[in-house]
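Notes follow once the structure below has been shown.
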Amino acid sequence: MANIIDEYIDGSITGWHEDGLQEAFSAVQDAYNFVQPRLVLEPSQARKSSNYKVVRKVLNGKDIKNIPQEVGDCVSWGARNAAAITGCVDIAVRGDSEIWKDPFPPFYYGTGRVFIGKNRFPDDDGSYDSWMAAAVMKYGTIYFGDDKVPAYSGSIARAWGKGEGPPAGLVTVGKNFLIKSAVQIKTWDAAVAHSVNGYGLTVASNYGFKMEADRNGFHQQSGVWKHQMCVLDIDDEWKDPYVIILNSWGDTHGKLYDFYDKTQLPAGCLRITRKAFEGMIRDGEVYAFCQYDQPKAQDVDAALFKLWNNTK
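Here the sequence shown stands for residues 354 to 665, where the numbers follow my numbering.
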């Protein structure tokens, strides 16, 4: 894993392409549901999210597992984390009768690069965030541990991310579990609004950061990463507004603590300033994943309750 991190830092891995962003988005925006869903909380009502606490509520005190990526498939891990956050909030806050399952990133990687991107980058691992956003709406999600879903590996990611893409049978399954809307985020206020409404955000840019936080608890901008990550939480109420970014490099960024209650934040997170994040919005790509159709919880037949009552 250290080798992959080094390759991102020294620029020998291209996980995300910065050239041609508008052309890539223009090619997909009319065909897919890049529209604004209704926001329950408007920006004037809330300026701080705590999605990591919602995730822990749904996952019985645990965090989304930070599985280190093995190749330059970061776009799919940013998408996986954003979908996972949105899914947890759908269950805990919006009361959807669904069960949470962990999205399998190579499926996103393959459907995005092959089906949406038409194998445009055969010689490297790179992709666009807009391709991922289109892929989760068109081809949906498959999950770790499900039938015929392999364990994650870099070789699986690369195999599915080239040629013909993921296996056809799994593509059929994935279409049952769609992100219904992906919103392109162009401003700080829009990012705050979607985060406080419980939507996971992907963020792709060439901004790199120090691997560990400074004494004030912030990861300072440093170098260039052609990389996609995920926004876990945003706080526009703190004296120095910040964003909590969830990376996909394992537990590599030191321990971070909540500024309010000193709770330890999930492993693999960075805390960055509003200024840094606004630069990422300006120079990169940010999308919010909204309205996620996850696997339905099994309904208990009402007849069973009648049978139980009759046997008392």
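For every residue, glycine included, the Cβ atom is placed at its ideal position computed from N, Cα and C.
As summarised for the region 456-534, the continuous alpha helix (DSSP H) elements at least 4 residues long and confined to that stretch are 458-463, 482-491, 507-513 and 521-527, given in chain order. Annotated as proximal: ALA486 and TYR640, with beta-carbon spacing under 8 Å. About 6 Å separates the beta carbons of CYS427 and SER601, which is inside the 8 Å limit, making them a contact pair.
By the neighbour-count criterion, in which a residue is buried when 16 or more other Cβ atoms sit within 10 angstroms of its Cβ, ALA437 is buried.
Annotation for GLU638: the continuous beta strand (DSSP E) segment containing it runs 638-645.
Bounds of any beta strand (DSSP E) do not take in LEU374; it lies within the alpha helix (DSSP H) bounded by 374-382. Comparing alpha-carbon positions, the option among ASN559, PHE612 and ILE587 lying closest to THR367 turns out to be ASN559. A direct Cα-to-Cα measurement between GLU360 and GLY637 gives close to 20 Å. The closest CA to that of ILE634, considering only SER575, PHE571 and THR555, is found on THR555.
Residue environment: THR464 is assigned as buried (16 or more neighbouring CB atoms within 10 Å of its CB, all protein chains considered).
The residues PRO520, GLY522 and LEU523, in chain order, have a CB closer than 8 Å to that of LYS501 in the same chain once the five nearest residues on each side in sequence are set aside. Of all alpha-carbon atoms in GLY448, TYR595 and VAL549, the one lying nearest the alpha-carbon of PHE571 is that of TYR595. Under the 8 Å Cβ criterion, the region 367-383 counts as touching the region 572-588, having at least three qualifying pairs. In the DSSP assignment, ARG400 falls outside any beta strand (DSSP E), carrying neither H nor E. C-alpha of TRP541 to C-alpha of ASP588: approximately 11 Å in a straight line. In the assembly as shown, TYR645 is a buried residue. Its beta-carbon has 16 or more other beta-carbons within 10 Å. Going by C-alpha positions, GLY364 is about 25 Å away from LEU585. Classified as buried, TYR492 has 16 or more neighbouring CB atoms from the shown chains inside 10 Å of its CB. Nearest to LYS515 by alpha-carbon distance, out of ASP416, PRO459, GLN574 and TRP591, is PRO459. When C-alpha distances from GLU423 are compared across ARG511, HIS547, SER483 and ARG624, the shortest belongs to ARG511.
No Cβ-Cβ contact shorter than 8 Å links ASP593 with THR616. Secondary-structure assignment with DSSP links PHE562 through a beta bridge to GLN574.
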